[in-house]
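For reference, the structure is listed below as structure tokens.
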Amino acid sequence: MLDHLTLRTRLLDHIRFSKRIDMIIDWAWNPEVIYTETPHPNLHFPGLALRNICVFNGLPLFSSGGRQWIKAQTGEDVDLNQYQPSRRISSIRSTTTRTIHLPSESLLLERFEEYKSSVFSQIFPFINPLFFEDTVRAAYREQSPLSYSNDSAKACIFAFMAVTAMFFNSTEDDETDHSDHYAYAAYDLIPVFFRDSITIEGLQALLMLCLYSQSVLGDQLGVELLFATATRFVFHLGGHIFPKTVHVDEVGRRSLALRLHIRNLFWLCYIFNQEYSLRTGLPPSLDDAHCDLTLYETTTTNAQNIGLLGCSPLFIPFARMATIQSRIYRRLYSVVARNKTDAELLSTIRDLDQLLEDWKLSIPMNVRPSLTHRPTGGEDIPSSIFQLQYHYCMATIHQISGRCILWTQDTRGLSSSLALSVEASRSLLKIVSHSELPIHRYNLLFCLPYVTAAMIHLFCDILLHPHDKACHASLELMDMARDRMLAQLWSQANSSVKMQVQFVKGLSIELQRLAQSAMRKATV
């Protein structure tokens with residue numbers, strides 16, 4: 005078997021041209037959106053561009069031209085809108101007025117200790133233990149030297165209780181229900197603390213609500229508004245500028261820790277922004293031109309002398325991946341990138357592939373992702389996330405080669421960039437399907453967009469090559485991935501989570517049915 009480096013080298017050095025591939029997927033959150041018919045759709049029926057395989061609001065919608073292309077390949081009319089809810093998922097919120105009180109301090113501190121000792125605090129450093137006591141004091145006793153807004157402190161507590169319910173098994177039977185109410189209580193406080201000074205607690209609340217709204221509520225429009233607000237908070241607090249000169253004797257340990265924590269919050273905002281942008285095809289709220297993207301040196305002498313690190317070493321690969329995602333969007337999917345020539349596009353693909361390869365090589369060997377085999381330590385949470393992100397970005401980079409308008413040869417074989425993007429999607433589904441990924445509450449929600457994108461990618465590949473022997477294996481992978489997702493849906497999951505999982509189930513079943521129709525039609 006060829007090793008991954010050899011496979012990449014051949015794919016990048018001998019990219020051949022294939023048939024014109026045109027974009028068929030549109031994304032919208034409004035079920036009443038009216039699509040304009042694609043002019044001369046028959047001109048582009050030989051293929052499709054897998055350009056923005058992403059999920060906006062969890063609801064991929066096929067354009068009118070795309071539906072015509074699918075009908076030409078399958079012989080069937082397509083109505084994938086049947087899987088779209090008639091309203092935004094976030095509107096499921098009960099209209100019944102309910103007063104939500106802050107959790108008891110004992111429950112809050114118990115949850116905080118659980119969070120602090122877990123890997124999630126390293127991946128999502130929303131809260132710094134040095135300042136949490138100030139937040140609690142401001143929220144419960146309305147006094148704090150760190151903050152001027154008690155409302156932002158309360159919103160931070162509510163958001164923390166909501167988002168940590170994703171990570172940890174609750175001892176309360178109705179904790180899932182409580183988590184939604186905590187999130188809504190935090191939402192309700194946002195307009196209130198907008199009237200006060202910009203605070204760190206406010207930024208923490210906004211970022212935690214971003215994660216909760218995207219993962220649990222599926223409220224992507226709300227996520228965009230939260231992103232936009234969090235971005236302005238980051239700028240006002242100076243988080244977009246790296247604190248290059250730190251003299252411990254002058255600023256003191258607490259002041260240094262505060263500056264580094266604000267920097268962590270910037271990186272969380274940046275990571276969320278780039279991930280969301282790549283999934284949706286929408287421009288990010290944070291522009292690289294306005295950000296200092298210097299990363300921490302975790303061996304900084306000053307940090308060690310005072311027992312501090314800018315962030316966990318585990319956090320660095322996620323930040324680096326976000327910078328790559330930013331380049332992928334800007335250089336391949338932005339408005340400016342649409343005007344690139346074939347030569348420029350293929351050169352960009354090579355550059356970005358090398359960046360992704362460099363990132364992969366920076367990961368320790370035991371958890372390093374690979375296209376052809378699983379790492380030995382692949383069952384821990386960080387490793388599983390690295391693998392999903394690596395394969396997703398690999399597919400996202402190479403699928404853009406379908407945009408080249410001069411391709412005249414078949415896209416199969418080692419010399420095809422598109423073939424590599426399809427193989428990356430297969431590998432992603434294998435990771436999910438073969439129990440190599442430890443799936444619990446958070447990972448299930450984290451996986452759904454990746455799984456959906458990979459399924460759509462394989463579906464499009466089957467329609468392009470219905471005679472290929474790999475079609476049956478692709479359908480089987482879709483089956484296995486769907487079954488794994490359903491098996492991990494916990495009984496007490498709230499209605500918005502269940503709706504997202506059921507959507508993926510319904511969409512995958514329909515994609516498989518249409519793919520099988522295309523395979524049958526191709527044999528006639």
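According to our numbering, the sequence shown holds residues 5 to 528 in order. Think of the CB as a built atom: it goes at the ideal place given N, C-alpha and C, for glycine as much as any other residue.
According to the neighbour-count rule (16 or more other Cβ atoms, all chains shown, within 10 Å of its Cβ), is T284 buried or exposed?
-> T284 counts as buried, since at least 16 other C-beta atoms from the protein chains shown sit within 10 angstroms of its C-beta.
Neighbourhood of K525 by C-beta distance below 8 Å, restricted to the same chain and skipping five residues each side | Within the same chain, and ignoring the five residues on either side of K525 in sequence, the residues whose Cβ sits closer than 8 Å to its Cβ are Q77, T78, G79 and P470.
Are the Cβ atoms of F172 and E114 separated by less than 8 Å?
-> No, the Cβ-Cβ distance between F172 and E114 is not below 8 Å.
By DSSP, does A428 sit in helix, in strand, or in coil?
-> In this structure, DSSP gives A428 a helical state, which the three-state scheme calls helix.
Close beta carbons around R71, own chain, < 7 Å, minus the five adjacent residues each side = In chain order, V82 place their CB closer than 7 Å to the CB of R71, counting only its own chain and leaving out the 5 sequence neighbours on each side.
Complete alpha helix (DSSP H) runs within the segment 197-283 (minimum length 4 residues, chain order) = Entirely contained in the segment 197-283, the alpha helix (DSSP H) runs reaching 4 residues are, in chain order, 204-216 and 224-241.
Are the Cβ atoms of S425 and A457 separated by less than 8 Å?
-> Annotated as distal: S425 and A457, with beta-carbon spacing of 8 Å or more.
Length of the line joining the Cα atoms of F450 and R488 | Their Cα atoms are separated by approximately 14 Å.
Tell me whether D483 sits in a helix, a strand or coil according to DSSP, three-state version.
-> Assignment of D483 by DSSP, reduced to helix, strand and coil, places it in the helix class.
Measure the alpha-carbon distance for Q278 versus Y333 and round it to whole angstroms.
-> Spanning the two alpha carbons is a distance of roughly 8 Å.
How about L210 and A234: are their beta carbons less than 8 Å apart?
-> Yes, the Cβ-Cβ distance between L210 and A234 is below 8 Å.
As assigned by DSSP and simplified to three states, the class of Y144 | If DSSP states are grouped into helix, strand and coil, Y144 belongs with the helices.
Cα-Cα separation, P373 to H395 | One C-alpha to the other measures close to 8 Å.
What's the C-alpha gap between R324 and V528?
-> Counting only the Cα atoms, V528 lies some 50 Å from R324.
For the alpha helix (DSSP H) holding T168, just list the boundary residues, first then last.
-> First-last of the alpha helix (DSSP H) with T168: N154 to T168.
For A497, which of helix, strand or coil comes out of DSSP?
-> Coil, per DSSP.
Assign R92 to one of three DSSP states: helix, strand, or coil.
-> Confidence at R92 is low in this model, with a pLDDT of 49, below 50, so the placement of that residue should be treated as unreliable; the coordinate-derived value is given next. Per DSSP, reduced to three states, the secondary structure at R92 is coil, with no helix or strand assignment.
Reduced DSSP category for N370 - H, G, I as helix; E, B as strand; rest coil = Three-state DSSP puts N370 in a helix.
Nearest neighbour of L375, chosen from S431, P368 and S521 [CA to CA] | Looking at the Cα atoms, S431 is the closest of the given residues.
Just tell me which of Q208, Q358, I466 and Q224 has its CA closest to the CA of G243.
-> If we check each option's Cα against that of G243, Q208 comes out closest.
Taking Cβ to Cβ, would you say A157 is nearer than 8 Å to A142?
-> Closer than 8 Å, so yes.
Leaving out five residues on either side along the sequence, give the residues of the same chain with a beta carbon under 7 Å from the beta carbon of A522.
-> Answer for A522: Q77, T78, I466, L467 and P470, listed in chain order.
Anyone know if the C-beta pair for V4 and I385 falls short of 8 Å?
-> Examination of residue 4 is not possible in this model, given that the chain is present from 5 through 528 alone.
Who are the near neighbours of K364 in its chain, counting only those whose CB is closer than 7 Å to its CB and skipping five residues on each side?
-> Cβ within range, chain order: R372, P373 and Y394.
Where does N343 sit, in a helix, a strand or coil, going by DSSP?
-> Helix, per DSSP.
Confirm, please, whether the CB-CB distance from I266 to I2 is below 8 Å.
-> This structure leaves residue 2 out entirely; the chain is present only between 5 and 528.
Use the C-beta contact count for H461: other C-beta atoms within 10 angstroms, 16 or more gives buried, fewer gives exposed.
-> Within a 10 Å sphere around the beta-carbon of H461 sit 16 or more other beta-carbons, which makes this residue buried.
Mind checking P453: buried by the 16 CB within 10 Å criterion, or exposed?
-> It counts as buried.
Mind reading off the beta-carbon distance from I353 to S281? Whole number of angstroms is fine, and I expect it under 8 Å.
-> A Cβ-Cβ separation of about 19 Å leaves I353 out of contact with S281 under the 8 Å criterion.
D477 to L433, Cα distance in whole Å?
-> Going by the sequence as given, residue 477 is Ala instead of Asp. If you take the alpha carbons of A477 and L433, they lie about 11 Å apart.
Whole angstroms is fine: what's the gap from Y188's alpha carbon to C315's?
-> Distance from the CA of Y188 to the CA of C315, rounded to the nearest whole angstrom, comes to 30 Å.
Local conformation of S316 per DSSP, three classes = DSSP places S316 in coil when its eight states are reduced to three.
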